[in-house]
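Enquirer: I have a structure here, written as structure tokens, and I will follow up with some questions on it.
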Amino acid sequence: MNKDLVKIILVTAGAVLFNLVFWNEKLAINTVLFDAFLLCALFFLYPNARKSAAVNWLLLGHLVSLSMVVIHNTDLSKIAFVITLLLVAGFAEYIHRSAWFASGSMLMNVVMIVASFAESFKINKSKPANRKGIGRFIRFAIFPLILVIIFFLIYRGANNAFSDIANRIGAQLEIFFSHFFDFFSWQRLVFLLLGLLITGSILLKSKLDYFSTRETRMNDGLQRSRKPMRQKRNGAFFSFVEMIMGKMASGMMALKNENTTGIISLVLLNVLLLIVNGIDVDFLWLHFQYKPGLPVYIMVHEGTELLIVSIVLAMAILLFFFKGNLNFYKRNKWLKYGAYAWILQNAMLVSSVFLRDYYYILKHGLAYKRIGVLFFLLMVLIGLVTVFLKIWSRKTNYFLFRVNAWAGIVVLVLATTIHWDEFIAGYNLKRRNTVELDVPFLLSLSDKALPLLDTNIVALQKRENDTRVINVNDGQPACDTCFIEQLKQREKQFEQRQKEYTWLSWNYADAYTKQYFRKRGLITSIH
Numbered sequence: 010m011n012k013d014l015v016k017i018i019l020v021t022a023g024a025v026l027f028n029l030v031f032w033n034e035k036l037a038i039n040t041v042l043f044d045a046f047l048l049c050a051l052f053f054l055y056p057n058a059r060k061s062a063a064v065n066w067l068l069l070g071h072l073v074s075l076s077m078v079v080i081h082n083t084d085l086s087k088i089a090f091v092i093t094l095l096l097v098a099g100f101a102e103y104i105h106r107s108a109w110f111a112s113g114s115m116l117m118n119v120v121m122i123v124a125s126f127a128e129s130f131k132i133n134k135s136k137p138a139n140r141k142g143i144g145r146f147i148r149f150a151i152f153p154l155i156l157v158i159i160f161f162l163i164y165r166g167a168n169n170a171f172s173d174i175a176n177r178i179g180a181q182l183e184i185f186f187s188h189f190f191d192f193f194s195w196q197r198l199v200f201l202l203l204g205l206l207i208t209g210s211i212l213l214k215s216k217l218d219y220f221s222t223r224e225t226r227m228n229d230g231l232q233r234s235r236k237p238m239r240q241k242r243n244g245a246f247f248s249f250v251e252m253i254m255g256k257m258a259s260g261m262m263a264l265k266n267e268n269t270t271g272i273i274s275l276v277l278l279n280v281l282l283l284i285v286n287g288i289d290v291d292f293l294w295l296h297f298q299y300k301p302g303l304p305v306y307i308m309v310h311e312g313t314e315l316l317i318v319s320i321v322l323a324m325a326i327l328l329f330f331f332k333g334n335l336n337f338y339k340r341n342k343w344l345k346y347g348a349y350a351w352i353l354q355n356a357m358l359v360s361s362v363f364l365r366d367y368y369y370i371l372k373h374g375l376a377y378k379r380i381g382v383l384f385f386l387l388m389v390l391i392g393l394v395t396v397f398l399k400i401w402s403r404k405t406n407y408f409l410f411r412v413n414a415w416a417g418i419v420v421l422v423l424a425t426t427i428h429w430d431e432f433i434a435g436y437n438l439k440r441r442n443t444v445e446l447d448v449p450f451l452l453s454l455s456d457k458a459l460p461l462l463d464t465n466i467v468a469l470q471k472r473e474n475d476t477r478v479i480n481v482n483d484g485q486p487a488c489d490t491c492f493i494e495q496l497k498q499r500e501k502q503f504e505q506r507q508k509e510y511t512w513l514s515w516n517y518a519d520a521y522t523k524q525y526f527r528k529r530g531l532i533t534s535i536h
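For the sequence shown, position 249 (counting from the first letter as 1) is numbered 258 according to our numbering, and the numbering increases by one without interruption.
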């Protein structure tokens, strides 16, 4: 069978399957069905992809993310599922080593989906359809059909039992066609087109392989340029540097001057950062204390964002200094020492930011942003290590971004293995005597956290009573937020939503929550 025809069939079948399993459902066990079809179709169309180590590792991460969609059903697991699926397709269809370039290729697939689909329709047109044979079939079928209709009407009028059977069949056909036309409502048609877009973007490879071709020219190791580099060819920023340094930025002494400038800059930056780190070591590492009357976010958390920006900017500065031929300059030893000290000091700054976040968590418990800061600091540490490797082994920026992208994918997949809403609720409630419970935030967590909140309803009631007392003393209404009522409302909303789903939306997180409420007699009508 023509391969283009196979692509059309697979994309169409995928769109129909997407429409059937996801309409009015949430991503859950239905994701397994759709994903199995996509992967089978993908490796059928591109069989050589299974020989790629990158594809196999990505496939492993993708299957972990898929299993977490079914088990935890968190937004993070769904995001990881989509990203890893797109990357599996990108590496299967194109020749790539970097996740960034593979993402670009998949974006090209989306942009060119209409052209790719139209291209697949250009199949064998050399054999015209046998219209004469079709016409003969119609003519032969007309007379027998007329006879069947006439005798059907006669038998229906003469035999009551036959008439009853015919009526029942007619009623069933009426129901079938009513559902059939409901299936092709405008909303359902748009959803079908969305399925075509998603399936086609994953299975149809664009003929424009710009990103794949571009990446073939990229190398991990730096190459020394034998021709003197002109600063004006390197962008507006280097023109700005040339304007400041004048003739020192060009000519035979350019590398020496750049090396000298880099050493002076890194020495001054290291001294400045040494002062900041010294203050942090004294304040955060050795003598930290919560000050009464001073909000913790002012004492600990304020300025964290700027410190994170400074760390990212520090890595950018190192990339600027260690560009091109300066990596091969024989007298750049002290420049490298300054860079290594700068990396080490920024690692200490990362530790100080971590301590700020840690003290904030000790006082106020876990929350999304506080966990996000921890993951970001982990990625920053990985970035600092790879910057060190880049300088030490004379690697390119391509190497730096490629390795960090792979590290980000690993961290993302591993992060999906924890149900963070349940973890946050469990951590904060377990430490309710030392952590200031933010009950409105806990009540905003996903449904998987509801059993934990219901189990600790006494603690919520105590927090509500304390809130009532505070509000009365402040002259405010006694109950702005009645936590117990909100919890009961959340449980009713969960029950109502579950009634709207079928088995296609089954996932362990919801099943666990339903089972808990059944045992407590709070939910009886969900099957």
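Where is the CB? At the ideal position from N, CA and C, for every residue including glycine.
For the alpha helix (DSSP H) holding Arg527, just list the boundary residues, first then last.
Expert: For the purposes of this step, residue 527 is taken as residue 518 along the sequence shown, with counting starting at 1. Where Arg527 is concerned, the enclosing alpha helix (DSSP H) stretches over Tyr517 to Lys528.
Enquirer: Can you round the beta-carbon distance between Leu275 and Trp351 to whole angstroms, since I take them to be within the 8 Å contact cut?
Expert: As a working note, residue 275 is residue 266 in the sequence shown. As a working note, residue 351 is residue 342 in the sequence shown. Indeed they touch by this definition, with Cβ atoms about 6 Å apart.
Enquirer: As a quick exercise: from Tyr436, Leu96 and Ala468, pick the residue whose alpha carbon is nearest that of Ala63.
Expert: Here residue 63 refers to the residue found at position 54 of the sequence shown. Minimum Cα distance to Ala63 is reached at Leu96.
Enquirer: Going by C-alpha to C-alpha distance, which of Phe52, Ala416 and Phe292 sits closest to Ser107?
Expert: On the sequence shown, residue 107 is found 98 positions in, with the first residue counted as 1. Nearest option by C-alpha distance: Ala416.
Enquirer: Indicate the three-state DSSP secondary structure (helix, strand or coil) for Lys404 in the structure shown.
Expert: For this step, residue 404 is matched to residue 395 along the sequence shown. Here DSSP, grouped into helix, strand and coil, assigns Lys404 to strand.
Enquirer: What three-state label does DSSP hand Ala138 in the structure shown?
Expert: Within the sequence shown, numbered from 1, the residue matching residue 138 stands at position 129. Because the pLDDT at Ala138 is just 48, under 50, the model does not fix this residue reliably, and the value given afterwards should be weighed accordingly. The answer is coil: DSSP assigns Ala138 none of H, G, I, E or B.
Enquirer: In whole angstroms, give me the CA-to-CA distance for Arg506 and Leu51.
Expert: For the purposes of this step, residue 506 is taken as the residue at position 497 of the sequence shown. For the purposes of this step, residue 51 is taken as the residue at position 42 of the sequence shown. Taken atom to atom, the span from the alpha-carbon of Arg506 to that of Leu51 is near 34 Å.
Enquirer: My output table needs one value for Gly230: the three-state DSSP class, helix, strand or coil.
Expert: Here residue 230 refers to the residue found at position 221 when the sequence shown is read from its first residue. Reduced to three states, the DSSP call for Gly230 is strand.
Enquirer: Mind checking whether Arg177 and Phe171 have CB atoms under 8 Å apart?
Expert: Taking the first residue of the sequence shown as position 1, residue 177 is located at position 168. Taking the first residue of the sequence shown as position 1, residue 171 is located at position 162. Not in contact: Arg177 and Phe171 (Cβ atoms no closer than 8 Å).
Enquirer: Buried or exposed: where does Ala127 fall if 16 or more other Cβ atoms within 10 Å of its Cβ makes it buried?
Expert: For the purposes of this step, residue 127 is taken as residue 118 along the sequence shown, with counting starting at 1. Exposed, because fewer than 16 other Cβ atoms sit within 10 Å of the Cβ of Ala127.
Enquirer: State yes or no: is the C-beta of Asp229 within less than 8 Å of the C-beta of Tyr369?
Expert: Stepping through the sequence shown from its first residue, residue 229 is reached at position 220. Stepping through the sequence shown from its first residue, residue 369 is reached at position 360. The Cβ atoms of Asp229 and Tyr369 lie no closer than 8 Å to each other.
Enquirer: Taking the CB atoms as reference points, tell me whether Leu390 and Val420 lie closer together than 8 Å.
Expert: Position 381 of the sequence shown holds residue 390. Position 411 of the sequence shown holds residue 420. Not a contact, by the Cβ cut-off of 8 Å.
Enquirer: Within 10 angstroms of its Cβ, does Trp401 collect 16 or more other Cβ (buried), or is it exposed?
Expert: Taking the sequence shown and counting its residues from 1, the one referred to as residue 401 is at position 392. Its Cβ having fewer than 16 others within 10 Å, Trp401 is exposed.
Enquirer: Specify, as a first and last residue, the run of the alpha helix (DSSP H) that Phe321 falls within.
Expert: Against the sequence shown, residue 321 aligns to sequence position 312. For clarity, residue 321 is Val in the given sequence; the question names Phe instead. Element bounds for Val321: Thr313 to Phe330.
Enquirer: Under 8 Å Cβ to Cβ from Phe313, same chain only, skipping five residues before and after it: list those, please.
Expert: On the sequence shown, residue 313 is found 304 positions in, with the first residue counted as 1. It should be pointed out that residue 313 corresponds to Thr in this sequence rather than to Phe. So the qualifying residues of the chain are Val362, Arg365, Asp366 and Val382.
Enquirer: Give a yes or no on whether the C-beta atoms belonging to Leu75 and Phe90 are separated by under 8 Å.
Expert: As a working note, residue 75 is residue 66 in the sequence shown. As a working note, residue 90 is residue 81 in the sequence shown. Closer than 8 Å, so yes.
Enquirer: Cutting at 6 Å between CB atoms, please list the residues of its own chain near Asn118, excluding the five before and the five after it.
Expert: Translated into the one-based positions of the sequence shown, residue 118 becomes position 109. Ser210 and Ser215, listed in sequence order.
Enquirer: In its own chain, which residues sit with a C-beta less than 8 Å from the C-beta of Ile418, not counting the 5 before and 5 after it?
Expert: Looking up residue 418 in the sequence shown gives position 409. Cβ neighbours of Ile418 beyond the five flanking positions: Leu67, Gly70, Ile92, Thr93, Leu96 and Ala108.
Enquirer: Going by DSSP in three states, Ile80 sits in which element: helix, strand or coil?
Expert: The residue you call residue 80 lines up with position 71 of the sequence shown. Three-state result, Ile80: helix.
Enquirer: With Phe100 and Ser61 assumed to form a contact (beta carbons below 8 Å), what rounded beta-carbon distance in angstroms separates them?
Expert: The residue you call residue 100 lines up with position 91 of the sequence shown. The residue you call residue 61 lines up with position 52 of the sequence shown. Rounded, the Cβ-Cβ distance is 6 Å, consistent with contact.
Enquirer: Run through the segment 357 to 426 for me and flag every whole beta strand (DSSP E) of 3 or more residues, listed as ranges in chain order.
Expert: none
Enquirer: Can you say whether Lys134 is buried or exposed, counting buried as having 16 or more other CB atoms within 10 angstroms of its CB?
Expert: What you label residue 134 is simply residue 125 of the sequence shown in a count that begins at 1. Residue confidence for Lys134 is low, a pLDDT of 48 falling below 50, so the modelled location carries little weight; the figure read from the coordinates is stated next. Exposed.
Enquirer: Excluding the five sequence neighbours on either side, which residues of its own chain have a C-beta within less than 7 Å of the C-beta of Ser194, listed in chain order?
Expert: Numbered from its first residue, the sequence shown carries residue 194 at position 185. Hits under 7 Å: none found.
Enquirer: Would you kindly work out how many angstroms separate the C-alpha atoms of Ile272 and Asn266, rounded to a whole number?
Expert: Within the sequence shown, the letter at position 263 stands for residue 272. Within the sequence shown, the letter at position 257 stands for residue 266. Distance between the alpha carbons of Ile272 and Asn266 is about 10 Å.
Enquirer: Buried or exposed for His296, please, with buried defined as at least 16 other CB atoms from any protein chain shown within 10 angstroms of its CB.
Expert: Position 287 of the sequence shown, counting from 1, holds the residue named residue 296. So His296 counts as exposed.
Enquirer: Which residue comes first and which comes last in the alpha helix (DSSP H) that contains Cys491?
Expert: For this step, residue 491 is matched to residue 482 along the sequence shown. Unbroken run through Cys491: none, as it is neither H nor E.
Enquirer: Under 7 Å Cβ to Cβ from Phe27, same chain only, skipping five residues before and after it: list those, please.
Expert: For the purposes of this step, residue 27 is taken as residue 18 along the sequence shown, with counting starting at 1. Excluding positions up to five away in sequence, the list reads Phe43, Gly204, Ile207 and Thr208.
Enquirer: Between the C-alpha atoms of Ile163 and Gly179, what's the straight-line distance to the nearest angstrom?
Expert: Residue mapping note: residue 163 aligns to position 154 of the sequence shown, counting from 1. Residue mapping note: residue 179 aligns to position 170 of the sequence shown, counting from 1. Straight-line spacing of the CA atoms in Ile163 and Gly179 works out to 17 Å.
Enquirer: Taking three-plus beta-carbon pairs below 8 Å as touching, is the segment 508 to 515 in contact with the segment 427 to 447?
Expert: no
Enquirer: Using the Cα positions of Leu438 and Asn341, report the straight-line distance between them to the nearest angstrom.
Expert: The residue given as residue 438 occupies position 429 in the sequence shown. The residue given as residue 341 occupies position 332 in the sequence shown. One C-alpha to the other measures close to 55 Å.
Enquirer: Taking the C-alpha atoms as reference points, what is the distance between Asp463 and Lys457?
Expert: As a position in the sequence shown, residue 463 is number 454, starting the count at 1. As a position in the sequence shown, residue 457 is number 448, starting the count at 1. Looking at the two C-alpha atoms, the distance is approximately 11 Å.
Enquirer: My output table needs one value for Asp13: the three-state DSSP class, helix, strand or coil.
Expert: The count along the sequence shown starts at 1 and reaches residue 13 at position 4. Asp13 falls in the helix class under three-state DSSP.
Enquirer: Note the first and the last residue of the continuous alpha helix (DSSP H) segment covering Glu445.
Expert: Along the sequence shown, one-based indexing puts residue 445 at 436. First-last for Glu445: undefined, no H or E at that position.
Enquirer: With distance defined between alpha-carbon atoms, name the residue in Ser453, His428 and Asn465 nearest to Ile80.
Expert: Counting from 1 along the sequence shown, the entry for residue 80 is found at position 71. Of the candidates Ser453, His428 and Asn465, the one whose C-alpha sits nearest the C-alpha of Ile80 is His428.
Enquirer: Excluding five sequence neighbours on each side, which residues of the same chain lie with their C-beta closer than 6 Å to the C-beta of Tyr436?
Expert: As a working note, residue 436 is residue 427 in the sequence shown. Within the same chain, Tyr436 has close Cβ partners Leu375.
Enquirer: Please confirm whether Gly23 and Leu212 have their CB atoms less than 8 Å apart.
Expert: Counting from one through the sequence shown, the residue named residue 23 turns up at place 14. Counting from one through the sequence shown, the residue named residue 212 turns up at place 203. For Gly23 and Leu212, yes; Cβs fall inside 8 Å.
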